[in-house]
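In my numbering, the protein residues as written are -12 to 253. Here's the structure we're looking at; comments come further down.
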């Protein structure tokens, strides 16, 4: 089963970091946020990835082309020395068996069109899709089990988003009785981490203006083919520089909830 990761956006609200690199390559704890997302899926046995590239996609290609050299010690024989010519890597990294397909889906392409354009790389009836900037401690195994249990075409993961503002409980005399810094709101919001039957491709278009979260999901919902998997745990999307700093603080604390592989010593 493939995991499709949307990596094409320009990340304009994180311009401090995305001026010269795509948002999925912005570091969290010394690794691109894209690496963290892949490690979560791999923790649940999903190691076949399709990257939908756009803005500065060549940098993501370079990242993976150079992954072996940057992750291992190696010996290189320079010049033409017969059988000794080439590179010998010493040791092995934990991502040794990852399979990564890198697909250029257009610079200004919207999310739905990006997914449609990689249809030819999907070789199973079920596949997963998520964004390249959101970290979660979601149980991928439970999400897949839920998707297969209801038999519909699509599942979206729903989370309770934090409010942008602190909430005040104010008395009639203007005394603040309670202050809650960015509490979770009562509603639900999409966090990505989709599971799709490949028939979902019929709801998508290669037209650059096809937005996954617009007409396709609306039509799936109207047809009764979209179900919601409720996740009450950690979810955090990196949209701004402040959120970038916050994710790095969490990682550096050694208590990153999404690092299932590290937390279980896997």
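Backbone N, C-alpha and C fix where the C-beta goes; we use that ideal spot for every residue, glycine too.
Margin query: Here's a check: name, in chain order, each residue in its chain whose Cβ is nearer than 7 Å to the Cβ of residue 51, leaving out the five neighbours to either side.
Written below: One-based indexing of the chain shown puts residue 51 at position 64. Counting only Cβ-Cβ distances below 7 Å, and skipping sequence neighbours, we find 87, 89.
Check: Nearest-angstrom Cα distance between residue -12 and residue 38?
Finding: Against the chain shown, residue -12 aligns to sequence position 1. Against the chain shown, residue 38 aligns to sequence position 51. Going from the Cα of residue -12 to the Cα of residue 38 covers about 14 Å.
Check: What does a CB cutoff of less than 7 Å around residue 60 pick up in its chain, not counting 5 residues either side in sequence?
Finding: Start at 1 with the first residue of the chain shown, and residue 60 comes out as number 73. If we look at residue 60 and ignore the five residues flanking it on each side, its Cβ neighbours are 77, 78.
Note to self: For residue 78, would you say it is in contact with chain B, using Cβ-to-Cβ distances shorter than 9 Å as the test?
What the structure shows: Among the protein chains of the structure shown there is no chain B, as only one such chain exists.
Item checked: Span separating the alpha-carbon of residue 10 from that of residue 229 -> Walking along the chain shown from the start, residue 10 turns up at place 23. Walking along the chain shown from the start, residue 229 turns up at place 242. Each residue's alpha carbon lies about 14 Å from the other.
Next item on the list: Identify the continuous beta strand (DSSP E) that holds residue 224 and give its terminal residues.
Entry: Taking the first residue of the chain shown as position 1, residue 224 is located at position 237. 222 to 224 is the extent of the beta strand (DSSP E) around residue 224.
Check: Who pairs with residue 217 in a beta bridge, going by DSSP?
Finding: Taking the first residue of the chain shown as 1, we reach residue 217 at position 230. DSSP lists 145 as partners of residue 217.
Checklist line | Stretch pair the region 125 to 137 + the region 185 to 202: three plus CB contacts closer than 8 Å | finding: no
Check: Do three or more CB pairs link the region 138 to 145 to the region 177 to 196 at distances below 8 Å?
Finding: yes
Item checked: Cβ shell of residue 217 (< 6 Å), same chain only, five flanking positions each side left out -> By 1-based counting over the chain shown, the position of residue 217 is 230. Excluding residues within five positions, the ones whose Cβ falls inside 6 Å are 145.
Note to self: Which residue marks the beginning of the beta strand (DSSP E) containing residue 62, and which one marks its end?
What the structure shows: For the purposes of this step, residue 62 is taken as the residue at position 75 of the chain shown. From DSSP, the beta strand (DSSP E) with residue 62 extends over 60 to 64.
Next item on the list: Mark residue 57 as exposed unless 16 or more other C-beta atoms lie within 10 angstroms of its C-beta, in which case mark it buried.
Entry: Residue mapping note: residue 57 aligns to position 70 of the chain shown, counting from 1. Per the 10 Å Cβ criterion, exposed.
Margin query: In this structure, how does DSSP classify residue 134 when only helix, strand and coil are distinguished?
Written below: Along the chain shown, one-based indexing puts residue 134 at 147. Residue state, collapsed to three classes: helix.
Next item on the list: Take residue 211 and list the residues in its own chain whose beta-carbon comes closer than 8 Å to its own, dropping the five residues that flank it on each side.
Entry: Looking up residue 211 in the chain shown gives position 224. Same-chain partners within the cutoff: 139.
Notebook entry, point to check: Should residue 276 be labelled buried (16 or more other beta-carbon atoms within 10 Å of its own) or exposed?
Noted result: Residue numbering for the chain in the displayed model covers -12 to 253; residue 276 lies beyond these limits and cannot be assessed.
Check: What is the DSSP secondary structure of residue 102, reduced to helix, strand or coil?
Finding: Counted from its first residue, the chain shown places residue 102 at position 115. Note: residue 102 maps to helix in three-state DSSP.
Checklist line | Residue from 207, 123, 235, 41 with nearest C-alpha to residue 14 | finding: Walking along the chain shown from the start, residue 14 turns up at place 27. Answer by Cα proximity: 235.
Margin query: Measuring alpha carbon to alpha carbon, tell me which residue in 55, 222, 82, 74 is nearest residue 63.
Written below: Counting from one through the chain shown, the residue named residue 63 turns up at place 76. If we check each option's Cα against that of residue 63, 74 comes out closest.
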